[in-house]
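Asker: Take a look at this one; I'll ask things after.
Numbering (this note's numbering), first residue to last: 276 to 1211.
And the structure:
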C-alpha cells in the first residue's frame, strides 16, 4: 500500500496534497487531502491493489465531512434509543431503495458506512458499490476479493450467490438489531464462525435482549433477517414503510408517529462517489449557524395560536439574516411532536434541546410569552449546542396587540447577542411586510394554519377568510384560503382562481421562498405542466422544505400524466415531505388514494392509522377510514361504517367516495359512499352532483353505458352545468370507446349550436375528422377561431391549431407522418393556455385517437407513451379501454405475463357489460384464453 500511495501522491501532484490518514478497512485506506484548486479539504479513498485492478480505478476523491459514523456512536453508547434506531434504519432503507431502483446494490451496509451528519443518516461507499456493479459484468468472485463484512453479510452473499437489493435489506436488519440489542445478531471469533452460525442457528429475537422493543418492530426485524431472500421485504421501500408504521416500544404513546423515509432520504451521492467522514471520536460537527426555533411556553390568552405561531414568525425574520440558516419550522415542529408531544409546556429542557440536536441545529432558540389582554412579555434564549454555552437571554415588552412588532425587536436583540456574524450590518426587520399589520388577521391566519395542517379544511377556510377580511393584502392568507377551498370544493373553481390571483398580486411582499411557493401552487390549480418544473426548482433550492416537496407530489399526482409521467412519480416527493414533517397531514392524502388504486391494503391501513393518531377529528381522516372499512375492513368494521354513512358529514363522505372512485376493483364501496350522499338532501347540491358524477365513473368502469348515461342528467343538473353538455359527453364517450346509439343526434346538435364551449367544439371536430366529415370539421375549427376576445380566446385559438394538426394526422398516408402530426396536435393543446376541463378533455381525445393509430401502425413505443399520457377520465373514464390496449401492446411485444395481467382486469371489469360493448369484451376474453393456453 505504501508504493501505491506514493504512486497516487505523484499522480495527484499539483491538484491535491495528502495530509494524513483518516482510517483504513478491508478494501481501502482513507486519507485527508486538500483540493489545491478550490482550497478545501477532501477525502481520498485509495483501494487495495487487487480491488483497484478489478474495478478499474485505484482512488476516489469525495467531499470531506466532519462528524462520526454509527460505529463510533455504538462504540460509545452500545445501544441507541429505540425511536432513534428506527428513524436511522428507516432513513437508510429509503436511501437503499433509491440506489436499488438505479440498479446499485451496496454490498457492505454496516455501522462504519452509516454516517451521522446534522442529525441525519448518510450512507457511504456507494462509489465503490457502483464500481463493483460495472466491473467485469458485476462478478468479482474470480479476483480473490472478499466483498462485504461477515458480521452483516447476507447468507447469499456469503456463498457468492447472485445478489439483489434484498441482500442489503438483510445487512440493514443486522445493523438495526445491533442498534437495539447492543450486539450483532451473530458473532464469533472468525468470519467463518459467524457465517456458520448464520446458516445453522435460528434468527435471534431482539426482545430477548431488550424487552421494551414492541412486538411489531421485532416482527419487522425478523422479516429483514430472514435467511431466504424471498422471505424478506421485497424492497427497501417496503422495509422503510414497515418501520414507519410500527410503534417503537411497548410503552410508546399513541401520539407518536415515525417519519416515513423518503425514497432518497439519508443518501448523499455526488456522481458515483460517496461522502467520507473522519473517524474521530468527537461529536458531529454542525457547520454554520444553523438554528432551530423551538415552540414557546405561553401563559395567557391564545396559547394555542402563539405556541407554534411564534416559531413561524421568528423563523421568517431570522432566516436569511447575516450568518444564520434556520431549520424549516415544520421540520422542527414535526420532530417536537414526535419526541416531546403537543404539550403546552415542557419541564425537561434537555428534551427540548434534544429536538434541536435531532434536526441538525448548531443553536437552539427557546422562549416564552407571558401576558394578558393588555400587555405581553416576550423572552427568548439561545443555546450553543456545540459548545454547551448560552449566548444570552433577551426580553421585550409591549401591548398585547403589538406581537409582530415585538417579534421584530426581539429578532434584532437576538442577532446582536451573537447569533449574527455582523451585528453592525443587521437589516431592518418588518414582520408586517411578509405577513400583516393586523393582529386580528395574523391570529386568524395562525389558527387557520393549525387547522390546515390537521386536514380540517372547513375550519381552516373559515379562519383564512377572517384573515383576508381583516387584511385584504395578506398574501399568505389568500394562498392558504385557495388551498383550503380546494379541499372543500375544487381548486379549479372560479372562486379558488380569484384567491390565487389575490395571493399573487401581493406576493412581491414575500420572501423569495414563499413567493415561489405561491407561484407554483397557482400553476397546479391552473393545470399548467410547468408547475412540475417550478417545484423541481423549488425543492432543489430548498431541499428541507416539506411543503415544497408536498406540492411537487401534488403536481405529479394531478399533472404528471400531461408530461407522460407515471402516477407513482408522486410517491417519492410525498414521502420526502413526510420525512421532513411527519405531522403535516395533507402529505398523506394522495398516498392513501394511491394505495387504494394499487389495491395495497397494508399501506393504506398504515397511513390511515397514522392520520387517526394525528388528527382523528379531520373529515379527511374519517372519510378515508370509512373507505378502508367498506373496502377491506373486518365484518365489524364494515358494519360500523355502514351505520355511519347516514350521519357522516358531507366532506367525510366525499373523501370516502373520491378515495376509491378511480379503483375499478372497489366499485361497491364507491357506490355505497356516493349513494349516501345523493340520497340525503341535507348535503349541498354541488356535492350530491359530484357523487352522481362518481357513480357514472363506476358504471362506465363496469361497461354499463345505459346506466351511466342516465346518471349524467342528475350530475349535470346538480352541478349547475349547462344541460346541453350532455350532447358533448355523448360524443366524448363514443370517441373514448363507449359506443352510444344517440351519438349521431348529439353530434348533429353540436353542429348547429352557435354557442359552444371550447371543449365541445374540439370534441365535435375530432368526431368529424375521425369520420371524414371535413365540412363539419371546418365548421368546428372556424367556430374556435371566431372567438375574438375574453379569456377563452387564447385557449380557442390553440385548440383550433391542435385540430388542424389532428386532421393532418388522420389524412397522412405515412404512419410516421401521422405520428408526428399527432404529437404536434398534442403540443398545441399543451401550449394553448386552456384551463382545466377544456385542456384535459382535448388532450385525452387526441391522445386516445393517437394511441389507436400508433398501435395499428405497429409503433408500440409510441402507443405505450400515449397510454401513459391519458388521465383517469376527463370525460368518460378510460380505465377499462386502456387496460385492453395495454394488453394489446404487451402481447405484441411478446410479454405474455404482462398482457395476461391487463386482459384479466379488462375481462373482469366488463364481465357484465352492456350489449354494445360485448364484442369488445369477447375480443379481450379470446386474447386471454389464447395467452392462458400457452404457445402453440
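We put the beta carbon where it would ideally sit given N, CA and C, even for glycine.
1) Quick check: the region 601-609 against the region 849-860, are there 3 or more CB pairs under 8 Å?
2) Restricting to Cα atoms, I'd like to know which of 751, 610, 893 is closest to residue 728.
3) Compare the beta carbon distance of residue 1087 and residue 1100 with 8 Å and say whether it is the shorter of the two.
4) Suppose contacts are defined by Cβ-Cβ distances below 8 Å. Is residue 718 in contact with residue 580 by that definition?
5) In the region 869-929, which residue ranges form an unbroken alpha helix (DSSP H) of at least 4 residues, counting only runs that do not cross its ends?
6) What is the DSSP secondary structure of residue 856, reduced to helix, strand or coil?
7) DSSP three-state label for residue 467, please.
8) From which residue to which residue does the beta strand (DSSP E) around residue 646 run?
9) Report, in whole angstroms, the separation of the C-beta atoms of residue 938 and residue 872, which I expect to be a contact under 8 Å.
10) Inspect the beta-carbon positions of residue 654 and residue 675 and report whether they are closer than 8 Å.
11) Report, in whole angstroms, the separation of the C-beta atoms of residue 440 and residue 380, which I expect to be a contact under 8 Å.
12) To the nearest angstrom, how far is it from the Cα of residue 345 to the Cα of residue 398?
13) Taking just the CA atoms, how far does residue 521 sit from residue 1249?
14) At which residue ranges does the region 567-607 contain complete beta strand (DSSP E) runs of 3 or more residues, listed in the order of the chain?
15) Between 566, 615, 611, 1124, which lies nearest to residue 591 when the distance is taken from Cα to Cα?
16) Could you spell out where the beta strand (DSSP E) holding residue 670 opens and where it closes?
17) In terms of alpha-carbon separation, which member of 1001, 1032, 1114 lies closest to residue 1017?
18) Answer with buried or exposed for residue 956, where buried requires no fewer than 16 other C-beta atoms within 10 angstroms of its C-beta.
19) Taking the alpha-carbon of residue 311 as reference, which of 978, 305, 294 has the nearest alpha-carbon?
20) Report, in whole angstroms, the separation of the C-beta atoms of residue 569 and residue 639, which I expect to be a contact under 8 Å.
21) Spatial neighbours of residue 491 within its chain, please: CB distance less than 6 Å, with the 5 preceding and 5 following residues excluded, ordered by chain position.
22) Since residue 657 is in the beta strand (DSSP E), which residue starts that stretch and which ends it?
23) Under 8 Å, do residue 1121 and residue 1097 count as touching if we go by C-beta distance?
24) Roughly how many whole angstroms lie between the Cα atoms of residue 807 and residue 819?
25) What are the start and end residues of the alpha helix (DSSP H) that includes residue 825?
26) List the whole-angstrom C-beta distance separating residue 959 from residue 925, where the pair is believed to meet the contact cut-off of C-beta under 8 Å.
27) If you check the beta carbons only, do residue 724 and residue 763 fall under 8 Å apart?
28) Can you tell me where the alpha helix (DSSP H) holding residue 305 begins and where it ends?
29) Name the residue from 981, 986, 961 whose alpha carbon lies nearest to the alpha carbon of residue 970.
30) Please go through the same chain and pick out, in chain order, the residues whose beta-carbon is closer than 6 Å to the beta-carbon of residue 408, but skip the five residues on each side of it.
31) Is residue 670 near residue 637, with beta carbons less than 8 Å apart?
32) CB-CB under 6 Å to residue 732, same chain, minus the five flanking residues each way: which ones, in chain order?
33) In whole angstroms, what separates the C-alpha of residue 317 from that of residue 308?
34) Enumerate in chain order the residues of its own chain whose CB-to-CB distance from residue 1197 is below 6 Å, with the five nearest sequence positions on each side excluded.
35) Assign residue 516 to one of three DSSP states: helix, strand, or coil.
36) On the DSSP bridge list, what partners appear for residue 398?
Answerer: Inspection of the coordinates gives the following:
1) In short, these stretches touch, since the Cβ pair count reaches three.
2) Of the listed residues, the one whose Cα sits closest to residue 728 is 893.
3) Between residue 1087 and residue 1100, the C-beta spacing is not below 8 Å.
4) Their beta carbons are under 8 Å apart, which means residue 718 touches residue 580 by this criterion.
5) Taking only runs of at least 4 residues, the alpha helix (DSSP H) segments lying wholly in the region 869-929 are 876-889, 894-907, 910-919.
6) The DSSP-derived three-state label of residue 856 is coil.
7) Residue 467: helix per DSSP, three-state reduction.
8) Counting along the chain, the unbroken beta strand (DSSP E) around residue 646 starts and ends at 638-646.
9) With a Cβ gap of about 5 Å, residue 938 and residue 872 count as contacting.
10) Contact flag unset, no.
11) Correct: roughly 6 Å between the Cβ atoms.
12) Cα to Cα, the separation comes out at about 10 Å.
13) This structure cannot settle anything about residue 1249, because the visible part of the chain is limited to 276 through 1211.
14) List check, beta strand (DSSP E) in window: 572-574.
15) Minimum Cα distance to residue 591 is reached at 566.
16) First-last of the beta strand (DSSP E) with residue 670: 664-674.
17) The shortest Cα separation from residue 1017 among 1001, 1032, 1114 belongs to 1001.
18) Residue 956 should be labelled exposed.
19) The shortest C-alpha separation from residue 311 is found at 294.
20) With 8 Å as the limit, residue 569 and residue 639 qualify as a contact, their Cβ atoms being about 6 Å apart.
21) Once the five neighbours on either side are set aside, the close Cβ partners of residue 491 are 521.
22) From DSSP, the beta strand (DSSP E) with residue 657 extends over 650-659.
23) Yes; because the gap between Cβ atoms is below 8 Å, this pair is in contact.
24) One C-alpha to the other measures close to 18 Å.
25) For residue 825, the uninterrupted alpha helix (DSSP H) segment begins and ends at 821-834.
26) About 6 Å; that satisfies the 8 Å criterion.
27) No, the pair does not count as a contact, with Cβ atoms beyond the cut-off.
28) No alpha helix (DSSP H) contains residue 305, which is instead part of the beta strand (DSSP E) from 303-310.
29) If we check each option's Cα against that of residue 970, 986 comes out closest.
30) Here the model assigns residue 408 a pLDDT of 47, short of 50, so the residue's position is not dependable and the matter cannot be decided.
31) If you check the CB distance, residue 670 and residue 637 do not come in under 8 Å.
32) These residues qualify, in order along the chain: 759, 762, 763.
33) When only Cα atoms are considered, residue 317 and residue 308 end up about 5 Å apart.
34) Excluding positions up to five away in sequence, the list is empty.
35) Helix at residue 516.
36) Looking at the DSSP assignment, residue 398 forms a beta bridge with 389.
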